[in-house]
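Visitor: Pasting a structure below so you can have a look.
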Amino acid sequence: MFKKILIANRGEIAVRVIRACGELGITSVAVYSDVDRAALHVRKADEAYHIGPAPAPESYLKIEKILDVAKRAGADAIHPGYGFLSENAAFAQACADAGVKFIGPTPASMGMMGLKTCARQAMEKAGVPLVPGTSRGLASFEEAERLAAEVGYPLMLKAAAGGGGKGMRLVNTPGELKSVLETAQSEAQRSFGDGEVYIEKAIVNPRHIEVQVVADEHGNTLYLGERECSIQRRHQKVLEESPSPVVDRDMRRRMGEVAVRVARTAGYTNAGTVEFLVDQDKNFYFLEMNTRLQVEHPVTELITGLDLVHLQIHIAAGEKLPFTQEDVGFRGHAIECRIYAEDPDNNYFPSPGRITLLLAPSGPGIRHDSGIYEGWTVPIDYDPLLAKLIGYGTDRPQTIARLIRALIKTNVSLFRRILRDPDFQAGKLDTGYLDRLLSREVKLDLSDRDGAEVAAIAAALFAMLDPVTAVPNNGASANSARAAAEKASNWKRAGRLEGLR
Ligand code: MV4
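Each number in this note's numbering comes from the position in the sequence shown (counting from 1) with 1 added on.
Structural data, given as structure tokens:
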């Protein structure tokens, strides 16, 4: 077993891996940028090394710097977390060259999955169900026109080097094909340095369901059930759950067996995720494979009772999986809510800054994976994910009730809205779900008497609660408005507020 693991990441996932190291008696090594000197992962690790300025390309993405720390600290392995270098085949290769074990798949499997056309060709040969389409880049407009007619409209143009929704374009009619193809190709060239684009038939209102797999280095590959990930905003997942409300025991086995076939075809080792699109008739199609531990892995841990990070470390150390497919059971229901430093009531504007008050949710069936603490200042330089609130229960209604209870103490209005929504509770969801929910805005009609009255009451309350910003200052400076507001006695204000109850 490894003695020392370097965690090439930050935030909640670095904390998650550091905890696993502690549980396994392994020394953990954190790395941090200028703005992360006081971050939670640095506090929790056994050792910590500075790796550069805030911008990720100068710190968390700098391969030589991270390998230099690994050497100086004497780490025998590196856990990449998710994001940053986690799916970078060159980094995995550089680790191998430096004699440090990369906790993840081989550079070859990562490379195959990184190129979508390459993955489609291999999976097609292996008999994996794919969304109908082409598995080669389009050579010319004439070829595209001919293949598009075969596949049928509406269709998707996807960048071979893309993924996760990047470099994807919908084409509704043959008339649009030429211009959308040109845009897609030049965009792919600009974003990925590779202009290759291929065609897939567009699945209307699909669900996004993924299957967790684990594979050891001795040829054992198992599936650990699915995660329903349809609730997304701009290709960013917001809430995930396991099991999926539409997957029954038979479908789970069929999807699991296909996922295992995908992993075997790629020569895959360690933990990975096979993504599927599921159409309205519950047909499922392989989409892509994520060659990393995913943000939403806790929902799988909660329903299988397995610790995926422990498994990753044991597998990377060359051990055999200590159980078989028949030993894997699925029990209960788990839902994850991602807590982002962004304001859902203000167009999801990023909202970094100092955390002045933190009420950590707890109680039965609640798991809170967090990368923050009270008093810390959230930097603006990275992904806004602060923490994950994961609920667990015997069934879906109990899990929903526990999350509503845990979220009431905080202020995360979006999840309250999703969890209370009758469609969500009935499991009626697809990838258009969140946009529809959000467009159903509760609007105040000022032309009706009740609406006007509610608006007047709200304005009065607002002025009472925050006189500095609410009172128009008629051209006076912000400072004099503040001074005027502060002159009023706090006792008087408190008394009036009590009167408003
Ligand atoms: C599609 C699709 C419809 N048809 N492919 C978006 C993320 C990337 N992994 C694949 N995506 C899609 N691919 C075909 N052939 C619709 C989407 C899609 C989507 C998928 C999952 C979750 C949310 C989504 C939102 C918009 C589009």
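Glycine included, each C-beta is placed from N, C-alpha and C at the ideal position.
Since the model is a prediction, treat every value here as computed from it, not as a measurement.
Alpha helix (DSSP H) containing A91: first to last residue?
Guide: Where A91 is concerned, the enclosing alpha helix (DSSP H) stretches over A90 to D98.
Visitor: Can you grab the Cα-Cα spacing for the pair R494 / R355, in whole Å?
Guide: Rounded to the nearest angstrom, the two C-alpha atoms are 27 Å apart.
Visitor: Give the secondary structure of L62 by DSSP, where H, G and I count as helix, E and B as strand, and everything else as coil.
Guide: Of the three classes helix, strand and coil, the one that applies to L62 here is coil, per DSSP.
Visitor: Can you tell which of P56, L62, R38 and G23 has its C-alpha closest to the C-alpha of D47?
Guide: Residue G23 is the option with its Cα nearest to D47.
Visitor: What span of residues does the alpha helix (DSSP H) with E297 cover, start to end?
Guide: Premise fails: E297 is in no alpha helix (DSSP H) and is neither H nor E.
Visitor: If contact is defined by three or more beta carbon pairs under 8 Å, each pair taking one atom from either stretch, is the segment 282–300 in contact with the segment 316–332?
Guide: No, they do not touch.
Visitor: Give the residues whose C-beta lies closer than 5 Å to at least one heavy atom of the ligand MV4, in chain order.
Guide: Taking each Cβ in turn, the ones that pass are V132, M157, G166, E201, A203, I204, H209, Q233 and T432.
Visitor: When you compare only the Cα positions, how much space is there between L408 and D431?
Guide: One C-alpha to the other measures close to 24 Å.
Visitor: Do you know whose CA, among D370, V455 and T400, lies nearest R503's CA?
Guide: Within the shown structure, residues of the chain are numbered from 2 to 502, placing residue 503 beyond reach of any answer.
Visitor: Considering only C-alpha positions, which residue in the set T28, V36 and S141 is nearest to W377?
Guide: Checking every option, the nearest Cα to that of W377 belongs to V36.
Visitor: Would you call the CB atoms of G168 and A150 closer than 7 Å?
Guide: Against a cut-off of 7 Å, the Cβ pair of A150 and G168 comes out as no contact.
Visitor: Excluding five sequence neighbours on each side, which residues of the same chain lie with their C-beta closer than 7 Å to the C-beta of G394?
Guide: Excluding sequence neighbours, G394 sits near G333, H334, G366, T400 and R403.
Visitor: Taking the alpha carbon of T118 as the reference point, which residue from E183, T274, E197 and P108 has its own alpha carbon closest?
Guide: When only C-alpha atoms are compared, the closest one is E197.
Visitor: Do the CB positions of A31 and A57 come within less than 7 Å of each other?
Guide: Against a cut-off of 7 Å, the Cβ pair of A57 and A31 comes out as no contact.
Visitor: Just to confirm the assignment, what range does the alpha helix (DSSP H) spanning H42 have?
Guide: First-last of the alpha helix (DSSP H) with H42: L41 to K45.
Visitor: Between the Cα of I27 and those of A78, P345 and Q233, spot the shortest distance and give me the residue it belongs to.
Guide: The candidate whose alpha carbon is nearest that of I27 is A78.
Visitor: Would you mind giving the Cβ-Cβ distance between I64 and L86, rounded to the nearest angstrom? I have them listed as a contact below 8 Å.
Guide: Going by Cβ atoms, the distance from I64 to L86 rounds to 7 Å, so yes, they are a contact pair.
Visitor: Classify R254 as buried or exposed, calling it buried when 16 or more other Cβ atoms lie within 10 Å of its own Cβ.
Guide: It is exposed - the Cβ of R254 has fewer than 16 other Cβ atoms within 10 Å.
Visitor: Quick one: grab the DSSP three-state call for G138.
Guide: Note: G138 maps to coil in three-state DSSP.
Visitor: Just the Cα atoms here: how many angstroms apart are A361 and A388?
Guide: For A361 and A388, the distance between alpha carbons rounds to 10 Å.
Visitor: Whole angstroms is fine: what's the gap from P345's alpha carbon to A120's?
Guide: Taking the straight line joining both Cα atoms gives about 36 Å.
Visitor: Please state whether the Cβ-Cβ distance between A272 and Q313 is less than 7 Å.
Guide: Yes, these two residues count as a Cβ contact at 7 Å.
Visitor: Spatial neighbours of H298 within its chain, please: CB distance less than 6 Å, with the 5 preceding and 5 following residues excluded, ordered by chain position.
Guide: Excluding residues within five positions, the ones whose Cβ falls inside 6 Å are L309.
Visitor: Along the chain, where does the alpha helix (DSSP H) that runs through G115 open and close?
Guide: That run of the alpha helix (DSSP H) goes P108 to G115.
Visitor: Quick check on DSSP: helix, strand or coil for S352?
Guide: S352: coil per DSSP, three-state reduction.
Visitor: According to DSSP, L386 sits in a beta bridge with which residue or residues?
Guide: L386 is bridged to Y341.
Visitor: Please work out which residues of its chain come closer than 6 Å, Cβ to Cβ, to G496, disregarding the five sequence neighbours upstream and downstream, and give them in chain order.
Guide: Counting only Cβ-Cβ distances below 6 Å, and skipping sequence neighbours, we find nothing.
Visitor: Would you mind working out which of N348, H80, F142 and A464 sits nearest R17, comparing C-alpha positions?
Guide: Closest option to R17, Cα to Cα, is H80.
Visitor: In angstroms, rounded to a whole number, what distance separates the CA positions of R339 and D384?
Guide: Between R339 and D384, the C-alpha separation is close to 12 Å.
Visitor: What number of angstroms, rounded off, separates the C-alpha of Y286 from the C-alpha of G128?
Guide: About 11 Å.
Visitor: So for D328, helix, strand or coil by DSSP?
Guide: Correct three-state label for D328: helix.
Visitor: Mind checking who M157 pairs with in its DSSP beta bridge?
Guide: M157 is bridged to L171 and E201.
Visitor: Roughly how many angstroms lie between the CA atoms of L1 and D98, to the nearest whole one?
Guide: An answer regarding residue 1 cannot be provided, because it is not within the stretch 2 to 502 covered by the chain.
Visitor: Under the three-state reduction of DSSP, which class applies to A127: helix, strand or coil?
Guide: Here A127 sits in coil by DSSP.
Visitor: Closer than 8 Å is the cut-off here; do at least three beta carbon pairs connect the segment 171–185 with the segment 248–263?
Guide: The segment 171–185 vs the segment 248–263: no contact.
Visitor: Among T107, V300 and R73, which residue has its Cα nearest to the Cα of R1?
Guide: Nothing about residue 1 can be reported from this structure: the residues present for the chain run from 2 to 502 only.
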